[in-house]
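Numbering (this note's numbering), first residue to last: 1146 to 1627. Glycine included, C-beta positions come from ideal geometry on N, C-alpha and C.
Next up, the structure:
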């Protein structure tokens, strides 16, 4: 007996017509004690299974209920009903897992619409809903596309440390890692924690980025990328922030800032194209939900494009490239700024742009993805290459509609003395990054890279608006359940 997943059966049903197959899944509905809607998570579509009540015991029929898991053997036949091409006529039904009906009423498995907040509270069950099944299938496809893009472009996959003694961003918002018994932490002579007695012999934290280590690998392997979990101890309870998220970080030897922008654009277009090709049914479901959400908004706040149209347009259009200085000029002259509609008014060159400014540039002024480059050095990280004007760095951000910044990157500072001076300027100890400085001593080359938060990309592709809805088990302030 051939065991088959529902996606395979529905997409290639001609191969299985009038053959007996075995399918397993969860009951989504059981109508008239005759028609089972069965889901196994492989597709947003359910498989209809036809049951002849006379052929099965009343105990079996009585126990076919929502959320019950079944193993069914039956014949694949053409379906006379609307909504499906084929169905299975059940010949045997085995109940694999029951449910407790008094508990079911308290869960998101009930066949009705639930709020996203309710679904977050029951994150362990939300995978079984149509919406979250689609979201996490898309997330899986994007993860595969990321690896596939870099493989096709001759990159090597590098695993950088999760436990680190270095703050790559220089922001200090890191989760500490220790082996100490917190009830009796050893202190030094001056009352400070004596980290020399800790497991690693030094102060360590969870990584905020694998970039610095990836740079060292690029100095020998040429093209590398990391793809793994990163952590930020930023006490920010918003729809855009997570304490734990997945980061993609390529680093390329001999690449300039312009090369870096080209790479970022090609990378994003590849990933979105991949999902458009391989997750069409999931995107259609998400597109319908997106359109329904837009109808509930005031007309002036509605998106100009549907989800599918938006994704297709991003793939087709060349990203507009604009310097930070040009962008500030556009924002200063905008009606929104002049009429005080920005929450954070633009008043001078040198300001750090907020999400509202980025979205204005993308959604209203240019109406396409935008790459901003050459930012003021004072608002960017120490490792970004100082430009000849001595006041900007070779940084770049890719801005997307509805999201704002989706990628941040730069050409890295490859000049030994310039990098040392920048580290000294922000009070960073050379001894902490002696190994990073060594890469500038021995055969240093121009090189570039960027970082993409996977969850930001999944947000954009799925049309969701809260980052907690695109990661299986979100980690946020005061929340580490499951």
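When the Cα atoms are used, what is the spatial distance from residue 1676 to residue 1320? The requested residue 1676 does not occur in the structure, where the chain is confined to residues 1146 to 1627.
From 1596, 1571, 1517, 1337, pick the residue whose C-alpha is nearest to that of residue 1471; which is it? Start at 1 with the first residue of the chain shown, and residue 1471 comes out as number 326. Closest in alpha carbon position to residue 1471, among 1596, 1571, 1517, 1337, is 1517.
Tell me residue 1350's beta-bridge partners as DSSP assigns them. Position 205 of the chain shown, counting from 1, holds the residue named residue 1350. According to DSSP, residue 1350 shares a beta bridge with 1309, 1321.
Since residue 1615 contacts residue 1273 with CB under 8 Å, what's their CB separation in whole angstroms? Locating residue 1615 in the chain shown gives position 470, where the first residue counts as 1. Locating residue 1273 in the chain shown gives position 128, where the first residue counts as 1. Between residue 1273 and residue 1615 the Cβ distance is about 17 Å, and since that is not below 8 Å, they are no contact.
Residues bridged to residue 1557 [DSSP beta-bridge criterion]: The residue you call residue 1557 lines up with position 412 of the chain shown. Beta-bridge pairing links residue 1557 to 1529.
From this set, 1398, 1393, 1430, 1479, which residue's C-alpha is nearest residue 1597's C-alpha? As a position in the chain shown, residue 1597 is number 452, starting the count at 1. Per the Cα distances, 1393.
Own chain partners of residue 1466 with C-beta closer than 7 Å, once the 5 adjacent residues on each side are dropped: For the purposes of this step, residue 1466 is identified with residue 321 of the chain shown, where counting begins at 1. The beta carbon of residue 1466 sits closer than 7 Å to the beta carbons of 1406, 1516, 1518 from its chain, once the five residues preceding and following it are set aside; these are given in chain order.
Excluding the 5 residues preceding and the 5 following residue 1543 in the sequence, name in chain order all residues of the same chain whose CB lies nearer than 6 Å to its CB. Start at 1 with the first residue of the chain shown, and residue 1543 comes out as number 398. Here the set comprises 1409, 1516, 1551, 1552.
Output needed for residue 1522: all residues of its chain with C-beta closer than 7 Å, excluding positions within five of it in sequence on either side, in chain order. Here residue 1522 corresponds to residue number 377 of the chain shown, with the count starting at 1. If the five residues before and after residue 1522 are omitted, its C-beta is found closer than 7 Å to the C-beta atoms of 1531, 1536, 1537, 1538, all from its own chain and listed in chain order.
Apart from the five residues just before and just after residue 1271, which ones in its own chain have a Cβ nearer than 8 Å to its Cβ? Position 126 of the chain shown, counted from the start, is the residue given in the question as residue 1271. Closer than 8 Å at the Cβ level, and outside the excluded window around residue 1271, lie 1253, 1264, 1265, 1277.
My output table needs one value for residue 1203: the three-state DSSP class, helix, strand or coil. Along the chain shown, one-based indexing puts residue 1203 at 58. DSSP places residue 1203 in helix when its eight states are reduced to three.
Reference residue 1570; option with closest CA among 1528, 1339, 1473: Counting from 1 along the chain shown, the entry for residue 1570 is found at position 425. Distance check between residue 1570 and each of 1528, 1339, 1473 places 1528 closest, using alpha-carbon atoms only.
Look at the alpha carbon of residue 1195 and the alpha carbon of residue 1240, and state the distance between them as a whole number of angstroms. For this step, residue 1195 is matched to residue 50 along the chain shown. For this step, residue 1240 is matched to residue 95 along the chain shown. Taking the straight line joining both Cα atoms gives about 16 Å.
Determine contact between the segment 1557 to 1577 and the segment 1486 to 1506, defined as no fewer than three beta-carbon pairs at a distance below 8 Å. Counting C-beta pairs with one atom in each stretch, the segment 1557 to 1577 and the segment 1486 to 1506 have fewer than three that are closer than 8 Å, which means they do not touch.
Please state the DSSP three-state secondary structure of residue 1379. Locating residue 1379 in the chain shown gives position 234, counting from the first residue. Coil, per DSSP.
When you compare only the Cα positions, how much space is there between residue 1384 and residue 1601? Start at 1 with the first residue of the chain shown, and residue 1384 comes out as number 239. Start at 1 with the first residue of the chain shown, and residue 1601 comes out as number 456. Approximately 11 Å, taken between the alpha carbons.
Closest by CA to residue 1438, which one among 1457, 1520, 1261? On the chain shown, residue 1438 is found 293 positions in, with the first residue counted as 1. It is 1261 whose Cα lies nearest to the Cα of residue 1438.
Chain-order list of residues whose beta-carbon lies under 6 Å from that of residue 1687 (same chain, five-residue window excluded): In the structure displayed, the chain extends from 1146 to 1627; residue 1687 sits before or after that span and is not available.
Within the same chain, show all residues whose beta-carbon is closer than 7 Å to that of residue 1423, passing over the 5 residues directly before and after it, in chain order. Mapped onto the chain shown, residue 1423 falls at position 278. Answer for residue 1423: 1286, listed in chain order.
Considering only the alpha carbon of each residue, which of 1449, 1187, 1366 lies closest to residue 1426? Position 281 of the chain shown, counted from the start, is the residue given in the question as residue 1426. It is 1187.
What does the Cβ neighbour count give for residue 1340, buried or exposed, with the cut at 16 atoms within 10 Å? By 1-based counting over the chain shown, the position of residue 1340 is 195. Residue 1340 comes out buried.
Whole-angstrom distance between residue 1152 and residue 1178, CA atom to CA atom: If you number the chain shown from 1, residue 1178 lands on position 33. If you number the chain shown from 1, residue 1152 lands on position 7. Rounded to the nearest angstrom, the two C-alpha atoms are 24 Å apart.
Outcome for residue 1459 when other beta-carbon atoms lying within 10 angstroms are tallied against a minimum of 16: One-based indexing of the chain shown puts residue 1459 at position 314. Buried, by the Cβ-count rule.
In terms of DSSP beta bridges, what is residue 1537 paired with? In the chain shown, counting from the first residue as 1, residue 1537 sits at position 392. Partner(s): 1521.
If we call anything under 7 Å between Cβ atoms a contact, is residue 1275 one with residue 1232? Here residue 1275 is taken as the residue at index 130 of the chain shown, counted from 1. Here residue 1232 is taken as the residue at index 87 of the chain shown, counted from 1. The answer is no: Cβ separation not under 7 Å.
Please state whether DSSP places residue 1198 in a helix, a strand or coil. In the chain shown, the residue the question calls residue 1198 occupies position 53. Helix at residue 1198.
Taking just the CA atoms, how far does residue 1595 sit from residue 1579? To locate residue 1579, count along the chain shown from 1; it is residue 434. To locate residue 1595, count along the chain shown from 1; it is residue 450. The straight-line gap from Cα to Cα measures roughly 22 Å.
Excluding sequence positions up to five away, which residues of its chain have a Cβ less than 7 Å from the Cβ of residue 1618? Here residue 1618 refers to the residue found at position 473 when the chain shown is read from its first residue. Here the set comprises 1268, 1627.
Just tell me which of 1154, 1209, 1559 has its CA closest to the CA of residue 1230. Against the chain shown, residue 1230 aligns to sequence position 85. Nearest of 1154, 1209, 1559 to residue 1230, Cα basis: 1154.
Exposure label - residue 1546; buried when at least 16 CB within 10 Å: Within the chain shown, residue 1546 is the residue found at index 401, counting from 1. By the neighbour-count rule (16 or more Cβ atoms within 10 Å), residue 1546 is buried.
Between residue 1456 and residue 1498, is the Cβ-Cβ spacing less than 7 Å? Here residue 1456 refers to the residue found at position 311 of the chain shown. Here residue 1498 refers to the residue found at position 353 of the chain shown. Taking 7 Å as the Cβ cut-off, residue 1456 and residue 1498 do not qualify as a contacting pair.
Run of the alpha helix (DSSP H) containing residue 1500, from where it starts to where it stops: Indexing the chain shown from 1 puts residue 1500 at position 355. First-last of the alpha helix (DSSP H) with residue 1500: 1500 to 1504.
So who's on the other strand from residue 1466, going by DSSP bridges? Here residue 1466 is taken as the residue at index 321 of the chain shown, counted from 1. According to DSSP, residue pairing for residue 1466 in a beta bridge involves 1516.
Residue 1459 - DSSP class collapsed to helix/strand/coil: Within the chain shown, residue 1459 is the residue found at index 314, counting from 1. Residue 1459: helix per DSSP, three-state reduction.
Where does residue 1336 sit, in a helix, a strand or coil, going by DSSP? In the chain shown, counting from the first residue as 1, residue 1336 sits at position 191. Note: residue 1336 maps to coil in three-state DSSP.
Assign residue 1299 to buried or exposed, taking buried as 16 or more other Cβ atoms, counted over all protein chains shown, within 10 Å of its Cβ. Here residue 1299 corresponds to residue number 154 of the chain shown, with the count starting at 1. Classification of residue 1299: exposed, given that the 10 Å Cβ count is below 16.
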